[in-house]
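Asks: In the numbering used here, the protein residues as written are 3 to 314. In this text, a Cβ means the ideal position worked out from N, Cα and C, and glycines have one as well. Structure in structure tokens, see below.
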């Protein structure tokens, strides 16, 4: 039987003396040992929800329980059992990198020996060993994010909450972070991943909670969510620059077309319209260098859920 770690029931939170509803009746359960992604655009209410889960805010309405304890009434006990990686400015910038991680470990109750050992291992795993004696304030933005992650990892909490963990990181460091997340989960760590980077998150999460405008639009396993759009296929097209706009205009007669990474067009097409669309893009006059038909992605599911909410 699955063991609940977090239980959220009808969580609603108002800002600005009740004039702005940041979270609106959110109910979900997070289970021990899973990686759950909380996805949504900036301003969707993700971080506000997380702050209630760690006791920084109390719900206006509803309840947040951690291991069956009400978080708002047992904040000190909850904080001892979780680690939180936030988007906020790193508070230990006046320390050297090793000191920031080491003293965080000591504050979490580690012995000097254990804190030193874990600090050394974390710096090595993050590829930051060469910077151990450099002040955090002198590091690049991406390097500071890695040291912040290091302070989250030390102490080996059983539940880790990561808020946009790959922001400001280059592709190699982003890959490293996803590898670390997988490693932690293989050891039994429950991971709550807050992100708007749907394409990367899809590779590691077990379940997804989609939030927009403060509301929970859906929560389920990734493959089950994809089945919501399985009557459509994802078309990706790489046009030559000279014909880019012409191709986009023609494709829009079949549905919404999105620009991806400044060089690719993508759209969802119904299965019964695949043939005419393929005929169109195979027109030599359009000068398309490459195209592919793929199953729908998690990003496609997210787009569809947003469309449904706007139409309600």
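Spatial neighbours of residue 203 within its chain, please: CB distance less than 7 Å, with the 5 preceding and 5 following residues excluded, ordered by chain position.
Replies: Here residue 203 is taken as the residue at index 201 of the chain shown, counted from 1. Counting only Cβ-Cβ distances below 7 Å, and skipping sequence neighbours, we find 39, 41, 195 and 197.
Asks: Would you call residue 165 buried or exposed, if buried means 16 or more other Cβ atoms sit within 10 Å of its Cβ?
Replies: Here residue 165 is taken as the residue at index 163 of the chain shown, counted from 1. Under this definition residue 165 is a buried residue.
Asks: Pull up the distance between the alpha-carbon of residue 290 and that of residue 249, whole angstroms please.
Replies: Residue numbering aside, residue 290 sits at position 288 when the chain shown is read from its first letter. Residue numbering aside, residue 249 sits at position 247 when the chain shown is read from its first letter. Roughly 9 Å separates the two Cα atoms.
Asks: Among the candidates 94, 15 and 230, whose CA atom is the shortest distance from the CA of residue 57?
Replies: By one-based count along the chain shown, residue 57 stands at place 55. Of the listed residues, the one whose Cα sits closest to residue 57 is 15.
Asks: Let's see if you can read the secondary structure: which residues bound the alpha helix (DSSP H) around residue 2?
Replies: The requested residue 2 is not part of the displayed model; the chain covers only 3 to 314.
Asks: DSSP puts residue 292 in a beta bridge; with which residues?
Replies: As a first step, residue 292 is located in the chain shown; it is residue number 290 there, counting from the start. DSSP output for residue 292 lists 240 as bridge partner(s).
Asks: Are there 16 or more other CB atoms within 10 angstroms of the CB of residue 107, so buried, or fewer, so exposed?
Replies: As a first step, residue 107 must be located in the chain shown, where it is residue number 105. It is buried - the Cβ of residue 107 has at least 16 other Cβ atoms within 10 Å.
Asks: Please look up how many angstroms separate the CB atoms of residue 271 and residue 234, rounded, as I've assumed it's under 8 Å.
Replies: On the chain shown, residue 271 is found 269 positions in, with the first residue counted as 1. On the chain shown, residue 234 is found 232 positions in, with the first residue counted as 1. Right, the Cβ-Cβ distance comes to about 6 Å (below 8 Å), so this counts as a contact.
Asks: Report back the beta-carbon spacing between residue 211 and residue 238 to the nearest angstrom; my notes put them in contact at under 8 Å.
Replies: Locating residue 211 in the chain shown gives position 209, counting from the first residue. Locating residue 238 in the chain shown gives position 236, counting from the first residue. Going by Cβ atoms, the distance from residue 211 to residue 238 rounds to 27 Å, so no, they are not a contact pair.
Asks: Could you have a look at residue 105 and say whether DSSP puts it in helix, strand or coil?
Replies: As a position in the chain shown, residue 105 is number 103, starting the count at 1. Three-state DSSP puts residue 105 in a helix.
Asks: What does the alpha-carbon distance come out to for the pair residue 343 and residue 274?
Replies: In the structure as shown, the chain starts at 3 and stops at 314, and residue 343 therefore has no counterpart that could be examined.
Asks: What is the DSSP secondary structure of residue 99, reduced to helix, strand or coil?
Replies: Against the chain shown, residue 99 aligns to sequence position 97. Helix, per DSSP.
Asks: Mind checking residue 167: buried by the 16 CB within 10 Å criterion, or exposed?
Replies: Here the question's residue 167 lines up with position 165 in the chain shown. Classification of residue 167: buried, given that the 10 Å Cβ count is 16 or more.
Asks: Check whether the segment 168–185 and the segment 107–117 are in contact - that is, three or more C-beta pairs closer than 8 Å.
Replies: Because the criterion of three Cβ pairs below 8 Å is not met, the segment 168–185 and the segment 107–117 do not touch.
Asks: Work out the CA separation of residue 121 and residue 262 for me, nearest whole Å.
Replies: Counted from its first residue, the chain shown places residue 262 at position 260. Counted from its first residue, the chain shown places residue 121 at position 119. Going by the C-alpha atoms only, they are around 39 Å apart.
Asks: Looking at the unbroken alpha helix (DSSP H) that takes in residue 175, where does it start and where does it end?
Replies: As a first step, residue 175 is located in the chain shown; it is residue number 173 there, counting from the start. Per DSSP, residue 175 belongs to the alpha helix (DSSP H) from 173–188.
Asks: Quick check on residue 302: buried or exposed, where buried means 16 or more other Cβ atoms within 10 Å of its Cβ?
Replies: Looking up residue 302 in the chain shown gives position 300. Buried.
Asks: Kindly identify the DSSP beta-bridge partner or partners of residue 161.
Replies: Taking the chain shown and counting its residues from 1, the one referred to as residue 161 is at position 159. According to DSSP, which records beta bridges pairwise, residue 161 is partnered with 84 and 192.
Asks: Any contact between the segment 133–144 and the segment 79–95? By contact I mean 3 or more CB pairs, one from each, below 8 Å.
Replies: They touch, by the three-pair rule.
Asks: With DSSP as the reference, label residue 234 as helix, strand or coil.
Replies: For the purposes of this step, residue 234 is taken as the residue at position 232 of the chain shown. It is a strand residue.
Asks: Flag this pair as touching only if the segment 181–196 and the segment 64–71 have three or more C-beta atom pairs under 8 Å; answer yes or no.
Replies: Output reads no: the segment 64–71 does not touch the segment 181–196.
Asks: Let's see if you can read the secondary structure: which residues bound the alpha helix (DSSP H) around residue 278?
Replies: The residue given as residue 278 occupies position 276 in the chain shown. 276–283 is the span of the alpha helix (DSSP H), which, as asked, contains residue 278.
Asks: Is the separation between the beta-carbon of residue 159 and that of residue 84 shorter than 8 Å?
Replies: Counted from its first residue, the chain shown places residue 159 at position 157. Counted from its first residue, the chain shown places residue 84 at position 82. The answer is yes: Cβ separation under 8 Å.
Asks: Which first and last residues belong to the alpha helix (DSSP H) in which residue 55 is found?
Replies: Residue 55 sits at position 53 when you count from the first residue of the chain shown. Residue 55 -> alpha helix (DSSP H) spans 48–55.
Asks: Under 6 Å Cβ to Cβ from residue 190, same chain only, skipping five residues before and after it: list those, please.
Replies: Numbered from 1 along the chain shown, position 188 holds the residue referred to as residue 190. Counting only Cβ-Cβ distances below 6 Å, and skipping sequence neighbours, we find 35.
Asks: Using 8 Å as the limit for Cβ to Cβ distance, is residue 198 near chain B?
Replies: Protein chains in the displayed structure number just one, and chain B is not present.
Asks: List, from N- to C-terminal side, the alpha helix (DSSP H) runs of 4 residues or more that fit wholly inside the segment 102–145.
Replies: Listed in chain order, they are 114–127.
Asks: What three-state label does DSSP hand residue 23 in the structure shown?
Replies: Here residue 23 refers to the residue found at position 21 of the chain shown. Three-state result, residue 23: strand.
Asks: Going straight from the alpha carbon of residue 129 to that of residue 148, what length do you get?
Replies: Numbered from 1 along the chain shown, position 127 holds the residue referred to as residue 129. Numbered from 1 along the chain shown, position 146 holds the residue referred to as residue 148. So the two alpha carbons sit approximately 9 Å from each other.
Asks: Between 26, 259 and 52, which has its C-alpha nearest residue 193's C-alpha?
Replies: Position 191 of the chain shown, counted from the first residue, corresponds to residue 193. Among 26, 259 and 52, the Cα nearest to that of residue 193 is on 52.
Asks: Does DSSP put residue 266 in a helix, in a strand, or in coil?
Replies: Start at 1 with the first residue of the chain shown, and residue 266 comes out as number 264. In the structure shown, residue 266 sits in a strand (DSSP, three-state: E or B).
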